[in-house]
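Report on one structure; see the data block that follows.
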Amino acid sequence: MRVPLSWLKDYVDITMSPEELAHTLTMAGLEVETIDYIGKEWGDKIITAQIIHLEKVETSDHLNYTRVNTGTQELNVICGAPNIKLGDKVPLALAGAQVGDLEIRETKKMGYVSQGMLCSPRELGMGNDHSGIYILDEDTPLGLKLSDLLGEVVLEFSIKAHRGDLSSIIGIAREVAALTNQPLRMPQPHFAEQGTPASDLVRITVEDEKLCPRYSARIISNVKLGPSPSWMGRRLLAAGMRPISNVVDITNYVMLELGQPLHAFDYDLVPEHHIIVRRALEGEKLKTLDDVERKLTSEMLLITDPQGPTAIAGVMGGAKSEVNDATQTILLESANFLGSSVRRTSTKLGLRTDASSRFEKGIDPSLTILGANRACQLLVELASATINPGIADQYPAPVEPRTLRFSLADIEWLTSMKVTHSEVETTLSALGFGVQFDEQGDGMRVSVPTHRNDIEESADLVEEVIRLIGYNKIPSTIPIGPLPERLEDTWFAREQELRTLLVNANLNETITYSLTSRARMAKLLSNADEESVRYLLQAPRATNGAGEQAPEALLKGNGTQAVATFDPHSIPAVVLANSLSNDMECMRLTLMSSLLETVQENSKRNKAGLRFFEIGRRYLPGASASQQPDERRAVGIALSGPAEITWIPELARPADFYDLKGTIETLLAGLKIGRYRFTPTQHPTFHPGRCALLELPRQTADGTEVFSPVGVLGEVHPLVQQHYDLPQRAYLCEIDLEQLYNAVPARITYAPISRHQELTRDLALIVDEQVPAQHMQDAIQRLGGELLRAVTLFDLYTGDPIPAGKKNLTYTLVYQSQERTLKDTEANEAQERIIRGLHEEFGADLRQ
Numbered sequence: 016m017r018v019p020l021s022w023l024k025d026y027v028d029i030t031m032s033p034e035e036l037a038h039t040l041t042m043a044g045l046e047v048e049t050i051d052y053i054g055k056e057w058g059d060k061i062i063t064a065q066i067i068h069l070e071k072v073e074t075s076d077h078l079n080y081t082r083v084n085t086g087t088q089e090l091n092v093i094c095g096a097p098n099i100k101l102g103d104k105v106p107l108a109l110a111g112a113q114v115g116d117l118e119i120r121e122t123k124k125m126g127y128v129s130q131g132m133l134c135s136p137r138e139l140g141m142g143n144d145h146s147g148i149y150i151l152d153e154d155t156p157l158g159l160k161l162s163d164l165l166g167e168v169v170l171e172f173s174i175k176a177h178r179g180d181l182s183s184i185i186g187i188a189r190e191v192a193a194l195t196n197q198p199l200r201m202p203q204p205h206f207a208e209q210g211t212p213a214s215d216l217v218r219i220t221v222e223d224e225k226l227c228p229r230y231s232a233r234i235i236s237n238v239k240l241g242p243s244p245s246w247m248g249r250r251l252l253a254a255g256m257r258p259i260s261n262v263v264d265i266t267n268y269v270m271l272e273l274g275q276p277l278h279a280f281d282y283d284l285v286p287e288h289h290i291i292v293r294r295a296l297e298g299e300k301l302k303t304l305d306d307v308e309r310k311l312t313s314e315m316l317l318i319t320d321p322q323g324p325t326a327i328a329g330v331m332g333g334a335k336s337e338v339n340d341a342t343q344t345i346l347l348e349s350a351n352f353l354g355s356s357v358r359r360t361s362t363k364l365g366l367r368t369d370a371s372s373r374f375e376k377g378i379d380p381s382l383t384i385l386g387a388n389r390a391c392q393l394l395v396e397l398a399s400a401t402i403n404p405g406i407a408d409q410y411p412a413p414v415e416p417r418t419l420r421f422s423l424a425d426i427e428w429l430t431s432m433k434v435t436h437s438e439v440e441t442t443l444s445a446l447g448f449g450v451q452f453d454e455q456g457d458g459m460r461v462s463v464p465t466h467r468n469d470i471e472e473s474a475d476l477v478e479e480v481i482r483l484i485g486y487n488k489i490p491s492t493i494p495i496g497p498l499p500e501r502l503e504d505t506w507f508a509r510e511q512e513l514r515t516l517l518v519n520a521n522l523n524e525t526i527t528y529s530l531t532s533r534a535r536m537a538k539l540l541s542n543a544d545e546e547s548v549r550y551l552l553q554a555p556r557a558t559n560g561a562g563e564q565a566p567e568a569l570l571k572g573n574g575t576q577a578v579a580t581f582d583p584h585s586i587p588a589v590v591l592a593n594s595l596s597n598d599m600e601c602m603r604l605t606l607m608s609s610l611l612e613t614v615q616e617n618s619k620r621n622k623a624g625l626r627f628f629e630i631g632r633r634y635l636p637g638a639s640a641s642q643q644p645d646e647r648r649a650v651g652i653a654l655s656g657p658a659e660i661t662w663i664p665e666l667a668r669p670a671d672f673y674d675l676k677g678t679i680e681t682l683l684a685g686l687k688i689g690r691y692r693f694t695p696t697q698h699p700t701f702h703p704g705r706c707a708l709l710e711l712p713r714q715t716a717d718g719t720e721v722f723s724p725v726g727v728l729g730e731v732h733p734l735v736q737q738h739y740d741l742p743q744r745a746y747l748c749e750i751d752l753e754q755l756y757n758a759v760p761a762r763i764t765y766a767p768i769s770r771h772q773e774l775t776r777d778l779a780l781i782v783d784e785q786v787p788a789q790h791m792q793d794a795i796q797r798l799g800g801e802l803l804r805a806v807t808l809f810d811l812y813t814g815d816p817i818p819a820g821k822k823n824l825t826y827t828l829v830y831q832s833q834e835r836t837l838k839d840t841e842a843n844e845a846q847e848r849i850i851r852g853l854h855e856e857f858g859a860d861l862r863q
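Note that the numbering used here has the sequence shown beginning at 16, numbered continuously upward.
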C-alpha cells in the first residue's frame with residue numbers, strides 16, 4: 016500500500032525524516048518496502064508552462080503543434096495527447112531533462128521543431144496513467160520547478176493479511192502516533208442535512224446476514240459531477256489510483272483514508288429504490304463496470320434490486336446503475352462483507368480490486384457510518400451536494416469489543432522482559448485498547464477495539480506491548496534444558512541420493528507447484544476419454560498391503576460413480592475447496608504435466624538440450640470420499656533437444672528413447688539395483704510402440720517372486736507434443752519412489768572376480784514376433800543355472816530367410832565358475848538345457 020507522507024501528516028505530527036520513520040515502522044512490524052521520492056529526479060529542467068497556441072499537425076491523425084509560455088520564454092512542442100486544450104497549464108520537460116530513461120532533446124518532427132515534452136502522470140512517476148497530459152491548476156505560477164509544486168515522499172508498505180486495520184492512511188497514522196507519542200487526529204465529518212429522510216427514500220433487505228453483517232446507505236441529492244480538485248488528484252495518483260471524477264474519486268479517497276470501501280449508485284437507476292443483498296442464483300450473469308459479463312455462482316453475494324443484480328458485493332459494481340454525467344441523486348453504499356466470501360468470489364472470477372483486498376483482510380463494521388459521513392462531507396465541499404437526513408442501516412448483530420485477561424507475567428514468560436503497569440497501559444492505550452487493572456496483583460482486563468480482529472489471546476497482547484517498546488530490548492538468553500534428539504529422515508537422505516545421481520547424469524532439477532488443474536493434466540492425454548483418464552491415476556498404480564494392484568474404486572470420483580463421458584472436471588482428483596485460481600484447483604496426479612510445461616517454457620528460449628528431473632509427490636484420490644488421499648513420492652525425468660553438447664548445433668544428435676533408458680539404467684546402477692526389465696506397453700501420453708514399463712522384482716504374499724511395474728517411460732505422443740507446442744520430440748519418465756526403494760538391496764554383497772577362464776557361446780533362435788526379447792532373456796538366465804554369468808542380446812533380425820511372423824534373436828552367453836575351469840561339455844549341457852526349455856516355453860527353434 017502506498018502512503019503519501021503529506022497525507023499522513025494530516026492525522027499525526029511527524030518530526031523525523033522519511034528514512035527514520037520507515038526504519039521505526041519496520042522495526043515495529045510494519046514493513047516499509049520502499050521509499051518513493053516523487054520529483055527527486057526532475058531537477059530544474061521540468062517546470063510549469065501554459066499552452067498559448069494549439070493546432071493539428073496536418074500530416075498526422077493525432078499529433079498537435081503547441082506553443083507554450085514558461086513565463087520567461089515561448090517554446091514549440093509537438094504533443095500527441097488528446098486531452099490538452101488552449102490555456103491549459105502543464106508540466107514541461109525542457110531540452111536536457113531526464114524523464115525516466117528518456118533524455119529530452121530538441122527534435123524536428125513533420126516539419127515542426129519540438130523544444131521539449133509535455134508530461135503525463137506515468138512519465139512523471141506519479142502513477143500508471145498514460146492516457147493524457149497532467150493538467151495543473153489554473154492558478155499555478157509559470158516557470159515554477161515542478162518538484163516544488165508536486166514533489167512528494169511516498170512510503171510503500173507490505174501489509175500482511177491479518178492486519179486489515181493497516182489498509183488505510185488512518186491505520187498507519189495510528190501506529191505512527193503510538194510509536195512517536197503524538198496525538199492522532201481522526202476526521203470528524205460535519206455537514207448540514209435537509210430534505211426527505213433516507214429511511215423514506217430507500218429500502219434495504221439483507222437475506223444473508225452472515226455474509227453481510229452490516230449494510231448502511233445514505234442518500235445524496237443535487238450532486239454536480241465534475242473533475243476533482245488538484246490536491247485530491249495528486250494524492251490519489253501518489254497512492255496509485257487514477258482520478259476519474261469528483262464522485263468516484265471521493266469514494267476512493269475515503270477508502271484509502273479510512274479503509275472503508277464505498278460504492279455510489281445512481282439512485283434513479285435503482286428500481287423501486289429497493290436494495291436486496293442476497294446470494295447469486297446459479298448461472299446468473301452481471302456486466303460489471305469493466306464492461307465484462309460475469310457468470311455467477313450460488314456462493315457469491317450480490318447487491319440486487321427487484322429486477323436483478325446491480326453489483327458483486329465487495330468486489331465491483333455493475334454497469335446497470337453506475338454514476339454517469341446525468342446523475343443527480345446518489346445512493347451511497349457503505350457496507351461490511353465477510354472477508355472469506357469476498358476472497359472466494361474475487362478468486363473465482365479472477366477479479367481483484369482495491370475494495371476486495373481490504374474486505375479480505377477484515378474491516379471493522381463500525382467504519383460504515385464514519386466512511387459514509389466522511390464521503391458526505393467531501394461531496395458537500397467538492398460536488399455542491401445536499402445530504403438527506405439520517406442513514407438507512409441494517410446491523411442486526413452489532414459487534415462489541417472483546418475483553419481478554421492479561422498480566423505482566425505473560426510478558427516475562429514469553430520474552431524474559433520485565434515491564435511496568437505504566438508501560439503496558441501507555442502502549443496499549445496508544446493503540447486504542449482499553450486497560451483496566453485489578454486492584455490486587457499484576458492482572459488486568461484489556462478491551463480489544465473492533466478494528467483489531469487479529470487479537471485473539473494474551474500472547475497477541477504481549478506482541479503489541481513488545482513491538483512498541485522495541486524488539487531490540489528483548490534480552491539475549493542461553494537456552495536451557497537438554498538438546499532435542501536428532502530426527503532421522505530416511506526419505507530426505509534418499510531424495511538427496513537421487514538428486515546426486517541425476518545431477519551427475521547431466522540433468523537439471525526443477526521444482527514446481529503441487530497445485531495444478533485437471534484441464535492442464537488432461538493435456539497429457541492423446542485421446543481424451545474415460546479409458547485414457549485411468550492412466551493419470553497409474554504410472555504405475557499403487558499396490559495394496561498384499562502387494563496386489565489397488566482396487567478399481569480408485570478410478571471413481573466419489574466412490575460410487577465412475578467417470579462416464581470425458582470432461583476435465585470429471586477427472587478424479589483431490590480438489591481444493593477454496594482454490595487460488597482455476598489453474599491451481601487441485602493436487603497433481605502426475606509429475607509429467609509440470610515437466611512438459613517446463614520443457615515448453617524453456618524450449619522458447621533455448622536450443623540446447625533440455626534435461627530435467629523433478630522429485631515430488633503425486634496425490635491420488637481415495638477409493639471413497641471418506642478415505643484420505645494416497646500421497647505417493649515420485650521422480651520424473653524429461654529430455655528434449657540435442658543429446659550432447661557440440662560446437663555445431665545442426666550436427667548434434669537429437670535425444671531419443673535410448674538416452675532416457677540409459678539415464679534410468681544409470682539411476683538403477685547407482686541404487687545398486689541389478690535386476691530389472693523394460694517391457695513394452697501402451698499409454699495415452701506416449702507414442703505407440705515407443706513406450707515401456709520399468710519392472711522390478713518383488714515378493715507376493717505367498718513368497719513367489721514376480722516382476723511388477725514401478726514406472727513408465729517413452730517418447731511423447733505427437734498429439735501431446737502439439738498440446739504443449741513443443742518444437743522437438745520429448746521423452747518422459749515417471750517412477751514411483753516407494754516401490755523403487757522396495758527393490759533397493761538392504762545389504763550389498765560382493766563376490767571375488769573369478770580367476771578361471773570364461774566360456775562364450777552364441778545362441779541364435781527363431782521365435783514369434785510377439786514374444787518379448789526380455790522374456791526370452793529372463794528364461795535363459797533361469798535355465799542356465801549358476802554357471803551362466805551373463806546374457807546379452809546383440810542381434811535382432813527379420814526378413815528373408817526368416818519366415819513371415821517370425822524374428823531371429825541372437826544372444827551371447829558367458830559361462831564361468833568361481834571354483835574351477837569349466838569344461839566344454841558342461842557349457843554344452845547347459846546350452847542344450849536352455850534350448851529345450853525355450854522351445855517348450857516359447858516355441859523357439861535353433862536357427863540352422
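Glycine is no exception: its CB is placed at the ideal position from the N, C-alpha and C atoms.
6 Å Cβ shell around residue i - same chain, five flanking residues per side excluded
i, result
"D25", "none"
"L393", "I265"
Pairwise C-alpha distance: residue j and residue i
i, j, result
"L45", "F172", "7 Å"
"L808", "L741", "34 Å"
"I265", "P204", "14 Å"
"D379", "T527", "38 Å"
"L861", "N823", "9 Å"
"L747", "S162", "59 Å"
"I150", "P106", "8 Å"
"P703", "A716", "34 Å"
"M42", "S532", "40 Å"
"T442", "E415", "22 Å"
"Q785", "A859", "12 Å"
"L159", "G58", "11 Å"
"A819", "N843", "30 Å"
Nearest-angstrom beta carbon gap, residue j and residue i [assumed within contact, 8 Å]
i, j, result
"A207", "I234", "Not really, about 14 Å apart at Cβ, beyond 8 Å."
"T342", "N237", "No, T342 and N237 are not in contact; Cβ-Cβ is about 11 Å, not under 8 Å."
"R293", "L317", "6 Å"
"A200", "P19", "It should be pointed out that residue 200 corresponds to Arg in this sequence rather than to Ala. Not a contact, Cβ separation roughly 16 Å."
"L170", "T39", "Not quite, the Cβ-Cβ distance comes to about 11 Å (not below 8 Å), so this is no contact."
"T368", "S596", "Rounded, the Cβ-Cβ distance is 16 Å, inconsistent with contact."
"G54", "L165", "6 Å"
"T303", "G255", "Not quite, the Cβ-Cβ distance comes to about 21 Å (not below 8 Å), so this is no contact."
"R535", "S655", "Not confirmed; about 19 Å, so no contact."
"H732", "S541", "4 Å"
Beta-carbon gap between residue i and residue j smaller than 8 Å
i, j, result
"L811", "A788", "yes"
"L591", "C601", "yes"
"M459", "F452", "yes"
"Y756", "R514", "no"
"H77", "D469", "no"
"A390", "L347", "yes"
"R309", "L364", "yes"
Contact set for residue i: own chain, Cβ-Cβ below 7 Å, skip 5 residues either direction
i, result
"E646", "R632, Y634"
"I219", "Y230, A232, I290, A407, Q409"
"R137", "N143, D144, H145"
Residues near residue i by beta carbon distance below 8 Å, same chain, minus five either side
i, result
"E773", "R804, V829, Y830, Q831"
"E659", "G624, A667, R668"
C-beta neighbour in chain D for residue i, strict 8 Å
i, result
"G86", "Of the chains in the structure shown, none is chain D; there is only one protein chain."
For this session: Could you say if the segment 761–773 and the segment 793–802 meet the contact criterion of at least three C-beta pairs nearer than 8 Å?
Result: no
For this session: Report yes or no: do three or more beta-carbon pairs, one from the segment 96–104 and one from the segment 63–72, lie closer than 8 Å?
Result: yes
Exercise. Touching or not, the segment 640–654 and the segment 687–695, by the rule of three or more beta carbon pairs under 8 Å?
Worked result: no
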